[in-house]
Amino acid sequence: MFQGASALALDAKGRLTVPARHREVLQALCGGQLTLTKHPEGCLMVFPRPAWEQFRDKVAALPMSAAGWKRVFLGNAQDVEIDAAARVLIAPELRASAGLQKDTMLLGMGSHFELWDAQAYAAHEAAIMQSEMPAVLQDFSF
C-alpha cells in the first residue's frame, strides 16, 4: 500500500528520484519495473508492473464504447525501470501531457502513485477542498 505525498524535482533530463521510503518495496514488488500512463484528471499514474498488469487487463476488457479511454490508458503507457541511482525517466510526451515542470508531487494512492505538477496539484486540491463533499463521504466517520 503506497500512501503519502513526496515533493520531488525533475532533473534537466526529465528524471525523478524515487523516494527512499518506497524504493525497497518497489524492488521487492516489481524489481523496479514501473509503468506510467495518463490519468483523466491531468496527472500521470505510476504503477508497479504487477498492479499495471491488473489495471491493463481491466481496461483491455472494456467494451468498444470505451475505445477512446482504452487509447488514453493503454496507448500512452510507457514501461520504465528504476535505474542504479534510484531515478525514473519520464518520457517527454508524458511530461508534456501532465504539464510537468521541475517541481512535482508524487502521491501514494494504494496500489499505485499519481505524479502531478506541483502547482497543478495545489490548485486541484484547493478546488476539491472548496467543493461540496460527495454523498458517498457525507456519512463517513472521521
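Residues 1 to 142 (full-length UniProt numbering) are what the sequence shown spells out, left to right. The C-beta atom is built at its ideal place from N, Cα and C for all residues, glycine as well.
For this session: For residue 129, name the three-state secondary structure that DSSP assigns.
Result: Note: residue 129 maps to helix in three-state DSSP.
Problem set entry | Terminal residues of the beta strand (DSSP E) in which residue 38 lies | Unbroken beta strand (DSSP E) run through residue 38: 33-38.
Exercise. Where does residue 62 fall in DSSP's three states?
Worked result: Here residue 62 sits in coil by DSSP.
Exercise. So the alpha helix (DSSP H) residue 159 belongs to, where does it begin and stop?
Worked result: Because the chain is modelled from 1 through 142, residue 159 falls outside the range shown and cannot be assessed.
Problem set entry | Rounded straight-line distance, which links the Cα of residue 4 to that of residue 33 | The straight-line gap from Cα to Cα measures roughly 21 Å.
Problem set entry | Those runs of the beta strand (DSSP E) which lie wholly inside the stretch 98-142 and span at least 3 residues | 103-110 and 113-117, all fully within the stretch 98-142.
Problem set entry | Delimiting residues of the alpha helix (DSSP H) encompassing residue 72 | Per DSSP, residue 72 is one residue of the alpha helix (DSSP H) stretching across 67-75.
For this session: Say whether the stretch 36-52 touches the stretch 104-114, bearing in mind that this needs 3 or more beta-carbon pairs closer than 8 Å, one atom from each stretch.
Result: Because the criterion of three Cβ pairs below 8 Å is met, the stretch 36-52 and the stretch 104-114 touch.
For this session: Find out if the Cβ-Cβ distance for the pair residue 127, residue 99 is shorter than 8 Å.
Result: The Cβ-Cβ distance between residue 127 and residue 99 does not fall below 8 Å.
Problem set entry | Own chain partners of residue 86 with C-beta closer than 8 Å, once the 5 adjacent residues on each side are dropped | When the five nearest sequence neighbours on each side are left out, the beta carbons in the same chain lying within less than 8 Å of the beta carbon of residue 86 are those of 17, 18, 20 and 23, in order along the chain.
Exercise. Would you say residue 82 and residue 26 are within 8 Å of each other, going by their C-beta atoms?
Worked result: Result yes, Cβ atoms of residue 82 and residue 26 sit closer than 8 Å.
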